[in-house]
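*Asks:*
In my numbering, the protein residues as written are 1 to 432.
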């Protein structure tokens, strides 16, 4: 294994969640028995899926764009913006450019012979299946009980938003968690495959790839580059044999991005995206803010245990992206699960997680709230993790293995953070 000297090995102790229920069973006068919390989680998941009925009525929300890509892959009508929009207009579907690399359209080719509504239903079922896969991967990567990880995956509404909107962000979440779990197991081939495939959405993949460079995972980087090169080659036939497809694709993408940023401003959750909405702000300031966040994160990305660092890289992908909407905040699942597994100490773990996850529902009403509630979670989570690894701050790994136990009047105790940056255990009365 190729690592930098600054790498901190994961502690042998299990994460807090591995010992059982990871939350307090009481906060002040409020009882929080696991059965009630599970019921609340299921309710959040169901409420988050209610708008799927509206999507069916309005033509599948974003789904027609993917259906059209599947129907035009391999023809000149895919990459050329004018031809693509003309094809969509001729077939009576929403007219929008194809913003993904051409090879991605092959994923949607099997849906092209189907009616749009049927394709939407099948795609939504696949996306929900991927949310379940993400929960299983999160349980394994962060050593949480499977039922807890699955509950969080479905209760964090941005994870299921891809099914509601005809989008595919759950695939990105699965690939990111595959990369994290492979990093935990030091399987560099798998890491490279996962990161290379995640390049189907380059802005979401780049922070994880940057982490690989920072931590010297060179074999994984070679595999990632090989997968990206294969994506370019596969895109040639997808673009009707055009070897210069990146130039045409990129030039056509620019006006679409500008219009998309204006038309969907209320859905923005990244810090540059939020700054870009402020009138008369200098155009360079959003980019400067992203660069500053990366610089502030370097210490943690370099020194944190690799699983924590990879979860933080996923958080950064959401926080610094130039165009990140609420459904892409499903990529916050790793940092949420890391916090639940002990990344946050009690009682703040239960307090903050129980506050953050319901706020995920507010992506549904961002048109009315003007600013997406998910953006508040992104900002808070980013600020807290950067503060944890602030430059010249205290090192979270000082006194490795020390444990300090406290108890509160509301019931429940904590064992303090060990060298892995994860609390070793959480046990409360009736928490079994």
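In this text, a Cβ means the ideal position worked out from N, Cα and C, and glycines have one as well.
Does the separation of the CB atoms of residue 124 and residue 139 fall below 8 Å?
*Replies:* Against a cut-off of 8 Å, the Cβ pair of residue 139 and residue 124 comes out as no contact.
*Asks:* Three-state secondary structure (DSSP) at residue 352?
*Replies:* Reduced to three states, the DSSP call for residue 352 is helix.
*Asks:* By alpha-carbon positions, which one of 67, 173, 211, 359 ends up nearest to residue 127?
*Replies:* Minimum Cα distance to residue 127 is reached at 173.
*Asks:* Is it the case that the CB of residue 177 approaches a heavy atom of the ligand GTP more closely than 7 Å?
*Replies:* With respect to the ligand GTP, the structure shown offers nothing to examine, as it has no ligands at all.
*Asks:* Can you give the Cα-Cα distance for residue 333 and residue 182, rounded to whole angstroms?
*Replies:* Computed Cα separation, rounded: 17 Å.
*Asks:* Among 141, 147, 133, 180, whose alpha-carbon lies nearest the alpha-carbon of residue 159?
*Replies:* Nearest C-alpha to residue 159: 133.
*Asks:* So residue 208 packs on residue 195, CB below 8 Å; how close in whole Å?
*Replies:* Indeed they touch by this definition, with Cβ atoms about 5 Å apart.
*Asks:* Does the stretch 229-240 come close enough to the stretch 103-110 to have 3 or more Cβ pairs within less than 8 Å?
*Replies:* In short, these stretches touch, since the Cβ pair count reaches three.
*Asks:* So, with DSSP's three-state summary, where would you put residue 285?
*Replies:* Here residue 285 sits in helix by DSSP.
*Asks:* With the cut-off set at 8 Å, would you say residue 445 and residue 272 are in Cβ contact?
*Replies:* No statement about residue 445 is possible, as the shown extent of the chain runs from 1 to 432 and does not include it.
*Asks:* If you draw a straight line from the C-alpha of residue 405 to the C-alpha of residue 22, how long is it?
*Replies:* For residue 405, the predicted structure reports a pLDDT of 37, less than 50, and the residue's modelled location is therefore unreliable. The matter cannot be settled from this model.
*Asks:* Kindly provide the ranges of any alpha helix (DSSP H) runs that are 4 or more residues long and lie completely inside the stretch 22-109, ordered along the chain.
*Replies:* DSSP runs (the alpha helix (DSSP H)) wholly in the stretch 22-109: 34-49, 52-57, 63-72, 81-90.
*Asks:* Using a Cβ-Cβ cutoff of less than 6 Å, which residues in the same chain neighbour residue 301 once the five nearest sequence positions on both sides are dropped?
*Replies:* Closer than 6 Å at Cβ, skipping near neighbours: 211, 214, 309.
*Asks:* Under a Cβ-count criterion, where at least 16 other Cβ atoms within 10 Å of its own Cβ denotes burial, should residue 88 be classed as buried or exposed?
*Replies:* The residue in question, residue 88, is buried, as its Cβ has 16 or more Cβ neighbours within 10 Å.
*Asks:* Would you kindly check if the distance between the Cβ of residue 161 and the Cβ of residue 41 is under 8 Å?
*Replies:* It is not a contact, given that the beta carbons lie outside the stated cut-off.
*Asks:* Do the stretch 58-72 and the stretch 106-120 make contact, defined as three or more Cβ pairs closer than 8 Å?
*Replies:* Touching, yes.
*Asks:* Based on the DSSP output, what are the partners of residue 325 in its beta bridges?
*Replies:* Answer is 268, bridged to residue 325.
*Asks:* Please report the straight-line C-alpha distance between residue 239 and residue 137, rounded to a whole angstrom.
*Replies:* One C-alpha to the other measures close to 34 Å.
*Asks:* So for residue 368, helix, strand or coil by DSSP?
*Replies:* In the structure shown, residue 368 sits in a helix (DSSP, three-state: H, G or I).
*Asks:* Nearest-angstrom Cα distance between residue 442 and residue 237?
*Replies:* The displayed coordinates of the chain run from 1 to 432. Any statement about residue 442 would go beyond what the structure contains.
*Asks:* If you compare alpha carbons, which of 296, 303, 351 is closest to residue 319?
*Replies:* Here the closest residue by C-alpha is 296.
*Asks:* Ends of the alpha helix (DSSP H) at residue 207?
*Replies:* Here the alpha helix (DSSP H) through residue 207 covers 202-214.
*Asks:* What is the residue span of the alpha helix (DSSP H) that residue 235 lies within?
*Replies:* Here the alpha helix (DSSP H) through residue 235 covers 218-238.
*Asks:* Skipping 5 residues on each side, what residues in its chain have a beta carbon closer than 6 Å to that of residue 430?
*Replies:* With a pLDDT of only 29 at residue 430, under the threshold of 50, the placement of this residue in the model should not be trusted; the figure read from the coordinates follows. Hits under 6 Å: 25.
*Asks:* Among the residues of its own chain, which have a CB less than 7 Å from the CB of residue 381, if the five just before and after it don't count?
*Replies:* Excluding sequence neighbours, residue 381 sits near 315, 332, 335.
*Asks:* Would you tell me roughly how many angstroms separate the C-alpha atoms of residue 20 and residue 34, rounded to the nearest one?
*Replies:* Taking the straight line from one Cα to the other gives about 11 Å.
*Asks:* Assuming residue 67 contacts residue 122 (C-beta within less than 8 Å), just tell me the rounded distance between them.
*Replies:* In fact, because the Cβ distance is near 11 Å, the residues do not count as touching under 8 Å.
*Asks:* Can you tell which of 141, 355, 129 has its C-alpha closest to the C-alpha of residue 305?
*Replies:* When each option's Cα is compared against that of residue 305, the closest is 141.
*Asks:* Taking Cβ to Cβ, would you say residue 337 is nearer than 8 Å to residue 164?
*Replies:* Not a contact, by the Cβ cut-off of 8 Å.
*Asks:* For residue 85, which residues in the same chain have their Cβ closer than 8 Å to its Cβ, ignoring the five residues on either side in sequence?
*Replies:* 95, 96, 97.
*Asks:* For a quick check, are the C-beta atoms of residue 108 and residue 56 less than 8 Å apart?
*Replies:* No, Cβ-Cβ distance for residue 108 and residue 56 is not below 8 Å.
*Asks:* Where residue 37 and residue 342 are concerned, what is the direct C-alpha to C-alpha distance, given to the nearest angstrom?
*Replies:* One C-alpha to the other measures close to 18 Å.
*Asks:* Could you say which of 168, 366, 292, 269 lies nearest to residue 377 if we only look at CA atoms?
*Replies:* Nearest of 168, 366, 292, 269 to residue 377, Cα basis: 269.
*Asks:* Tell me where the alpha helix (DSSP H) around residue 188 begins and ends.
*Replies:* 188-198 is the extent of the alpha helix (DSSP H) around residue 188.
*Asks:* Have a look at residue 286 and residue 274 and give me their C-alpha separation to the nearest angstrom.
*Replies:* Between residue 286 and residue 274, the C-alpha separation is close to 8 Å.
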